[in-house]
Amino acid sequence: MINLKMISAVFALLLVCGIATNSFGQPTDYIERYHQIAVREMHRSGIPASITLAQGILESSWGKGALALKANNHFGIKCKSTWTAATFYIEDDDYQNGKLIKSCFRSYDNAEDSYLDHTDFLMSNVRYQKLFTYGHTDYKKWAHGLKKAGYATDKRYAYKLISTIKKYKLHRFDNMPEVIPPALVASENAPPLVVGVAFKPQKNNKIKREKLVAVNVAAPKAFVLPSDYKRGDGLSMASKGEKIMKNTASILWSKK
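Per the numbering used here, the sequence shown runs over residues 2 to 257.
The following block contains the structure:
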């Protein structure tokens, strides 16, 4: 006969240890949960989805590291002087008078915000600017470029990124198209929207910066919103013939 009390006791122990409730029991769980965000961010910025995922995997220890669990920080990004939002302190690699002190890391409401800030962090930092001349499918150049630019102190950081990408075939996401909900396609009556600097893919897989304007036309794949919708992931990227826009609310498409 099955001892129900014993089973209950074991299950309770698993819960306490965080095993039964661990949402990332397998590596594929993490990839499955975040690959769509990585793809969307690739289309917004030109950063290979494979690189974003690999960095998230390494920096957050598959979402199980202290920063990821307590601060939703999946990329190990520190506060810096420009950060004014929530923070989280933990010992890392900062010393004061020869003693290890707690470092200030950025804290987020959710993991998705961490992915968005990772994109913004790379796009806005001058030392990573050269990386955006690489193609969004050239993950090896990106890996070595990140190490050379000083993203991590680990001498084998680039090779760890490349190894992770190859092992889990993360490069398959670099060719995935961005899925845009049909309800959010531009209407003929949508007002004209002017955007700033955008990243536009070229035939040679390079990314070119240029100014684009979203005009009042019916473009089936446009990132131009009808007036009763909003999007807030900053600057989005569209392929040739598409229109793009910029605004500042929630990342998710939603009715106002």
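The beta carbon of each residue, even a glycine, is placed where N, CA and C say it ideally should be.
Checklist line | DSSP beta-bridge partners of residue 104 | finding: As a first step, residue 104 is located in the sequence shown; it is residue number 103 there, counting from the start. Its beta-bridge partners are 91.
Next item on the list: Using only alpha-carbon positions, find the residue among 93, 27, 54 and 105 that is nearest to residue 174.
Entry: To locate residue 174, count along the sequence shown from 1; it is residue 173. If we check each option's Cα against that of residue 174, 54 comes out closest.
Margin query: Quick check on the burial criterion: 16 or more other C-beta atoms within 10 angstroms. Buried or exposed for residue 134?
Written below: As a working mapping, residue 134 is identified with position 133 in the sequence shown. Result: exposed.
Note to self: Along the chain, where does the alpha helix (DSSP H) containing residue 72 start, and where does it finish?
What the structure shows: Stepping through the sequence shown from its first residue, residue 72 is reached at position 71. It spans 67 to 72 - the alpha helix (DSSP H) in which residue 72 sits, taken as one unbroken run.
Checklist line | Opposing strand residues paired with residue 97 [DSSP bridges] | finding: Translated into the one-based positions of the sequence shown, residue 97 becomes position 96. In DSSP, residue 97 forms a bridge with 100.
Notebook entry, point to check: To the nearest whole angstrom, what separates the beta carbons of residue 179 and residue 34, a pair I think is in contact under 8 Å?
Noted result: The residue labelled residue 179 in the question sits at position 178 within the sequence shown. The residue labelled residue 34 in the question sits at position 33 within the sequence shown. That pair is no contact at about 18 Å.
Next item on the list: Can you give me the Cβ contacts of residue 62 inside the same chain, cut-off strictly under 8 Å, excluding the 5 residues immediately before and after it?
Entry: Here the question's residue 62 lines up with position 61 in the sequence shown. Answer for residue 62: 69, listed in chain order.
Note to self: Just verifying my parser: in three-state terms, what is the DSSP assignment at residue 79?
What the structure shows: Sequence index remark: in the sequence shown, residue 79 carries index 78 (1-based). Three-state result, residue 79: strand.
Margin query: Let's test the definition: count the other Cβ atoms within 10 Å of the Cβ of residue 86 and tell me whether it reaches 16, buried, or not, exposed.
Written below: Residue numbering aside, residue 86 sits at position 85 when the sequence shown is read from its first letter. Burial call: exposed.
Checklist line | residue 105 beta carbon less than 8 Å from that of residue 88 | finding: Within the sequence shown, residue 88 is the residue found at index 87, counting from 1. Within the sequence shown, residue 105 is the residue found at index 104, counting from 1. The Cβ-Cβ distance between residue 88 and residue 105 falls below 8 Å.
Margin query: Classify residue 165: buried if its beta carbon has 16 or more other beta carbons within 10 angstroms, exposed otherwise.
Written below: Locating residue 165 in the sequence shown gives position 164, counting from the first residue. Taking every protein chain shown into account, the CB of residue 165 has 16 or more other CB atoms within 10 angstroms, so this residue is buried.
Next item on the list: Identify whether residue 61 lies in helix, strand or coil by the three-state DSSP scheme.
Entry: As a first step, residue 61 must be located in the sequence shown, where it is residue number 60. Taken through DSSP and simplified to helix, strand or coil, residue 61 comes out as helix.
Check: Secondary structure at residue 47, three-state DSSP: helix, strand or coil?
Finding: Locating residue 47 in the sequence shown gives position 46, counting from the first residue. Three-state result, residue 47: coil.
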